[in-house]
Amino acid sequence: DAFGTVNTSFTVPAGAALGHYVITVASGDERASGAFEVQEYRKPEFDVTVTSPDRFVLQGGRVQATLTARYYFGQPVANGSVKYVVHKQPYYSPLRWGDEDSDGGGWWGGGDQSSEATVRLDAQGRATVTIPLAVDADGRDYSARMEARVTDASNREVSGSAIVHATYGRFMVTTQVDRYVQAPGAHARVGIRVVDYQG
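Counting in the working numbering, the sequence shown runs from 21 upward without gaps.
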């Protein structure tokens with residue numbers, strides 16, 4: 021009575037109609053189905069970038085971001101509609117474990133949506149937004165990923181994003197002990213390091 025796993029593949033014919041398709045598997049009275057869509061590929065005609073002068077912002081402050089959209093032939097996406105969404109996830113500075121900041125600011129593993137708004141680009145295809153960065157209730161650092169989704173006059177959507185780290189404080193304190201297991205009455209040698217988020 022249990023369904024097994026079957027891996028199979030098929031090629032969508034070149035002349036297949038666009039739209040929603042459903043695959044159904046039946047065994048006696050039991051049925052299971054899955055769905056997929058066939059859509060025409062449309063190459064993006066413009067590029068969207070999100071930039072911020074800040075890499076680190078103290079929680080409770082605000083980050084300013086510039087959203088820009090330009091067609092590949094050089095003209096701005098004038099007066100385009102922009103929906104921007106902010107997602108957040110925990111941030112762990114690599115400086116906590118070493119002397120080098122190898123983060124690069126680009127890693128993203130998901131995150132919860134914290135805000136969303138819509139603005140309109142100006143005649144130069146640009147909009148500047150100010151986004152508040154809330155104080156984390158548990159006193160933890162987090163990364164805020166700002167994603168801009170731009171829709172042009174032909175109703176095509178293209179997105180771009182940038183990441184800013186929201187820190188709970190202006191610096192971090194790290195400690196290192198000479199050994200992880202100590203005998204009773206022994207003296208532990210502890211190194212204490214205080215650095216800002218730039219190292």
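The beta carbon of each residue, even a glycine, is placed where N, CA and C say it ideally should be.
Cβ pair residue i, residue j closer than 8 Å
i       : j       : result
Gln-202 : Thr-148 : no
Ala-89  : Val-170 : yes
Tyr-162 : Pro-110 : yes
Leu-87  : Ala-168 : yes
Gly-100 : Asp-172 : yes
Val-68  : Val-178 : yes
Gly-81  : Leu-153 : yes
Asp-74  : Lys-108 : no
Arg-176 : Glu-65  : yes
Asp-216 : Phe-191 : yes
Val-77  : Gly-180 : no
Val-102 : Val-139 : yes
Ala-206 : Asp-198 : no
Bounding residues of the beta strand (DSSP E) (the contiguous stretch that carries residue i)
i       : result
Pro-73  : Note, Pro-73: premise wrong, no beta strand (DSSP E); not H, not E.
Val-197 : 191 to 197
Gly-54  : 50 to 58
Pro-152 : 146 to 152
Arg-90  : 82 to 91
Buried/exposed call for residue i, threshold 16 Cβ in 10 Å
i       : result
Gly-211 : exposed
Arg-165 : buried
Val-214 : exposed
Thr-187 : buried
Ser-47  : exposed
Val-193 : exposed
Val-97  : buried
Ala-182 : buried
Cut-off 8 Å between Cβ atoms - residues of its own chain near residue i, not counting five sequence neighbours on either side
i      : result
Gly-54 : Val-42, Ile-43
Phe-51 : The residue asked about is misnamed: residue 51 is Arg in this sequence, not Phe. These residues qualify, in order along the chain: Thr-44, Val-45.
Residue i - partner residues in DSSP beta bridges
i       : result
Phe-36  : The amino acid at residue 36 is misidentified as Phe; the sequence shows Ala. DSSP lists no partner for Ala-36.
Ser-101 : Arg-140, Thr-171
Val-178 : Val-170
Val-210 : Val-197
Lys-108 : Asp-132, Ala-164
Arg-1   : In the structure as shown, the chain starts at 21 and stops at 219, and residue 1 therefore has no counterpart that could be examined.
Gln-218 : Looking at the DSSP assignment, Gln-218 forms no beta bridge with any residue, so it has no partner.
Proximity test, Cβ basis, 8 Å: residue i and chain D
i      : result
Gly-81 : No chain D is present in this structure, which holds just one protein chain.
Own chain partners of residue i with C-beta closer than 6 Å, once the 5 adjacent residues on each side are dropped
i       : result
Gln-196 : Gly-211
Beta-carbon contacts of residue i that lie in its chain and below 7 Å, excluding the five residues immediately before and after
i       : result
Arg-116 : Met-192, Thr-194
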